[in-house]
Amino acid sequence: MSVEPTSGPDGPDPATLATDIPATDTLARQLTETVTAAGEIALAMFQAGVKSWTKGNNSPVTEADMAVDAFLHRHLTALDAGIGWLSEESADGPARLGARRLWVVDPIDGTRGFMAGGHDWAVSVALVEQGRPILAALFAPATGELFTAAAGRGAVRNGVPLKVAPRHTLDGARVAGPPADLDALARRAPVERLPRVRSLALRLARVATGEIDVAFAAGNSNDWDLAAADLIVHEAHGLLTTRDGTPLTYNAPEPRHPELICAGPALHAALVERAPQPPFFNATLDQR
């Protein structure tokens, strides 16, 4: 994992560093290699075409989702039997709640984009420790973008360090997310509405690159949609929180989150202070 050390003006916060740096370095490399290989499997199936069906929650799933999930489970769980497992495409259970560390996996984030032949989908994996991500790999095979991050040690895209855009005003801000949120924001300031990014993880990661200034997520997002992107944004000096500014905690009994705001520090503070109110909490998964 080619994460170059980056830090804020006061340097990295020691409290955010992984507890075992040498072991984490090894896991970071293995994670990146595994996610890259999984992305290559997904890309081959994307180009060949796959069967799809609808799950019980009325969301789509494809043969590629299942194949990538099986590959990631086989290889990641082999790295350390003590690390728990939570994936969108695997059966959940209470065993993960007792794990100090947990793999949080979305085999294909943005399945609808994948099915539509778009490029806005990704393989997303984070290693969560005591409720917060400490390693992340997010790979968008169709565009060749590999995002990686390690807690307290920065985030990169294809080896280039990331930092959120230094914007301090909403006027002209580039925004992405559910239409209801963008409508509410546009009533306050002249903003630039960007095309929808089907993968929520990629939408958030583009805040880390500075391509998006503000990203919203509707209610119903899950740990696997968020954990990797959360760390990437955080290490790029951005913030991803609930609408009242609360940081996210992962590996709860119900791994689901309310509406979220992602932005650089200045814009985030302004948005939390005057956040849009419901009725947006009941959005469907397709409105993320």
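Going by this note's numbering, the final residue of the sequence shown carries number 268, and the count climbs one at a time with no gaps. By construction, the Cβ of each residue, glycine as well, lies at the ideal position given by its N, Cα and C atoms.
Which residues bound the alpha helix (DSSP H) around residue 48? Within the sequence shown, numbered from 1, the residue matching residue 48 stands at position 68. From DSSP, the alpha helix (DSSP H) with residue 48 extends over 43 to 57.
Start and end of the beta strand (DSSP E) containing residue 137? What you label residue 137 is simply residue 157 of the sequence shown in a count that begins at 1. First-last of the beta strand (DSSP E) with residue 137: 135 to 137.
So, at 8 Å on beta carbons, what are the nonlocal neighbours of residue 252 in its own chain, with the 5 sequence-adjacent residues on each side left out? Mapped onto the sequence shown, residue 252 falls at position 272. Only 221, 223, 224, 225, 241 meet the Cβ criterion.
Residues that DSSP places opposite residue 109 in a beta bridge: The sequence position of residue 109 within the sequence shown is 129, counting from 1. Beta-bridge pairing links residue 109 to 81, 112.
Consult DSSP for residue 214 and reduce its assignment to one of helix, strand or coil. What you label residue 214 is simply residue 234 of the sequence shown in a count that begins at 1. Three-state DSSP puts residue 214 in a helix.
Could you tell me the alpha carbon to alpha carbon distance between residue 14 and residue 28, rounded to whole angstroms? Working through the sequence shown from its first residue, we reach residue 14 at position 34. Working through the sequence shown from its first residue, we reach residue 28 at position 48. Looking at the backbone, the Cα of residue 14 and that of residue 28 are separated by about 22 Å.
Excluding five sequence neighbours on each side, which residues of the same chain lie with their C-beta closer than 6 Å to the C-beta of residue 52? Translated into positions along the sequence shown, residue 52 becomes position 72. Excluding residues within five positions, the ones whose Cβ falls inside 6 Å are 18, 85.
Cβ shell of residue 250 (< 6 Å), same chain only, five flanking positions each side left out: Sequence index remark: in the sequence shown, residue 250 carries index 270 (1-based). Cβ neighbours of residue 250 beyond the five flanking positions: none.
Of the residues 169, 244, 121, which one's Cα is nearest the Cα of residue 98? The residue labelled residue 98 in the question sits at position 118 within the sequence shown. Restricting attention to 169, 244, 121, the CA atom closest to the CA of residue 98 is found in 121.
Could you tell me which residues DSSP puts in a beta bridge with residue 237? Translated into positions along the sequence shown, residue 237 becomes position 257. Answer by DSSP bridge pairing, in chain order: 201.
If you compare alpha carbons, which of 141, 111, 234 is closest to residue 185? Taking the first residue of the sequence shown as position 1, residue 185 is located at position 205. It is 141.
From 200, 107, 26, pick the residue whose C-alpha is nearest to that of residue 8; which is it? Mapped onto the sequence shown, residue 8 falls at position 28. Checked all of 200, 107, 26; the closest Cα to residue 8 is 107.
Indicate whether residue 102 and residue 118 have their beta-carbon atoms separated by less than 7 Å. By one-based count along the sequence shown, residue 102 stands at place 122. By one-based count along the sequence shown, residue 118 stands at place 138. Against a cut-off of 7 Å, the Cβ pair of residue 118 and residue 102 comes out as a contact.
For residue 247, tell me which candidate among 54, 126, 149, 38 has the shortest Cα-Cα distance. Numbered from its first residue, the sequence shown carries residue 247 at position 267. Answer by Cα proximity: 149.
Which partner residues of residue 65 appear in the DSSP bridge assignment? Walking along the sequence shown from the start, residue 65 turns up at place 85. 83, per the DSSP bridge assignment.
If residue 197 and residue 177 are in contact, beta carbons under 8 Å, what's the gap, nearest whole angstrom? Here the question's residue 197 lines up with position 217 in the sequence shown. Here the question's residue 177 lines up with position 197 in the sequence shown. About 11 Å separates the two Cβ atoms, so there is no contact after all.
C-alpha distance - residue 190 paired with residue 145, whole-angstrom precision: Here residue 190 is taken as the residue at index 210 of the sequence shown, counted from 1. Here residue 145 is taken as the residue at index 165 of the sequence shown, counted from 1. Rounded to whole angstroms, residue 190 to residue 145 spans 4 Å at the Cα level.
Just the C-alpha distance for residue 127 and residue 212, rounded to the nearest angstrom, thanks. What you label residue 127 is simply residue 147 of the sequence shown in a count that begins at 1. What you label residue 212 is simply residue 232 of the sequence shown in a count that begins at 1. C-alpha separation (whole angstroms): 7 Å.
Quick one: residues in its chain with C-beta nearer than 7 Å to the C-beta of residue 216, no 5 flanking neighbours on either side, listed in chain order? In the sequence shown, counting from the first residue as 1, residue 216 sits at position 236. Closer than 7 Å at Cβ, skipping near neighbours: 135, 142, 143, 144, 188.
What is the DSSP secondary structure of residue 89, counted as helix, strand or coil? In the sequence shown, the residue the question calls residue 89 occupies position 109. It is a strand residue.
So who's on the other strand from residue 33, going by DSSP bridges? Indexing the sequence shown from 1 puts residue 33 at position 53. Per DSSP, 41.
Ignore the nearest five residues each way along the sequence and tell me which others in residue 153's own chain have a CB closer than 8 Å to its CB. As a position in the sequence shown, residue 153 is number 173, starting the count at 1. The residues are 147, 169, 171, 172, 193, 194, 247.
Between the Cα of residue 132 and the Cα atoms of 139, 237, 112, 41, which residue gives the shortest distance? Counted from its first residue, the sequence shown places residue 132 at position 152. The option with the nearest alpha carbon to residue 132 is 112.
Quick one: residues in its chain with C-beta nearer than 6 Å to the C-beta of residue 235, no 5 flanking neighbours on either side, listed in chain order? Along the sequence shown, one-based indexing puts residue 235 at 255. Cβ neighbours of residue 235 beyond the five flanking positions: 202, 203.
Between residue 71 and the rest of its own chain, which residues show a CB-CB distance below 6 Å, the 5 nearest in sequence each way excluded? Working through the sequence shown from its first residue, we reach residue 71 at position 91. Counting only Cβ-Cβ distances below 6 Å, and skipping sequence neighbours, we find nothing.
Of all the options 167, 100, 35, which has the alpha carbon lying nearest to the alpha carbon of residue 124? Working through the sequence shown from its first residue, we reach residue 124 at position 144. Checking every option, the nearest Cα to that of residue 124 belongs to 100.
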